[in-house]
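Have a look at the structure below, then the notes.
In my numbering, the protein residues as written are 2 to 126.
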């Protein structure tokens, strides 16, 4: 039974890592702040060559942000029509807050991706 649980946990960890890599591109870049001067220069050049993938991921996060904003709007409309003391109102309020937090997270990720792209595009070392 324990080996079956470990296999299930490994599959879950692999699936979560796969989903994370679909959303965040930073695993494709190298650390240009460590190593000898030559290694840092080589890593920075590699990162500059990899910057072309960032607009694709920015597009993904723009889509996620738009979906979160629309979900927040729909749930706010649902809250306006529901009774204040009902379970529907409480569920809509909880999911509306969750969608708002997701929208804020998407905006932060977009800011980081944009700053990274602009830095790698215009700063030459």
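Just so it is clear, CB atoms sit at the ideal spot from N, CA and C, and this is done for glycine as well.
The alpha helix (DSSP H) enclosing residue i, as first and last residue numbers
| i | result |
| --- | --- |
| residue 101 | 88–123 |
| residue 42 | 38–51 |
| residue 4 | 3–24 |
Coarse secondary structure for residue i, derived from DSSP in three states
| i | result |
| --- | --- |
| residue 32 | coil |
| residue 56 | helix |
| residue 126 | coil |
| residue 85 | coil |
Sequence-distant residues of its chain with Cβ nearer than 7 Å to residue i (five each side left out)
| i | result |
| --- | --- |
| residue 83 | 89, 90 and 93 |
| residue 47 | 31 |
| residue 65 | 107 |
Same chain, Cβ closer than 6 Å to residue i, five either side skipped, listed in chain order
| i | result |
| --- | --- |
| residue 44 | 31 and 33 |
Can at least three beta-carbon pairs, one atom from the region 69–76 and one from the region 112–122, be found at a separation below 8 Å? no
| request: Taking 8 Å as the threshold, find out whether the region 101–114 comes into contact with the region 50–65 through three or more Cβ pairs. | output: yes
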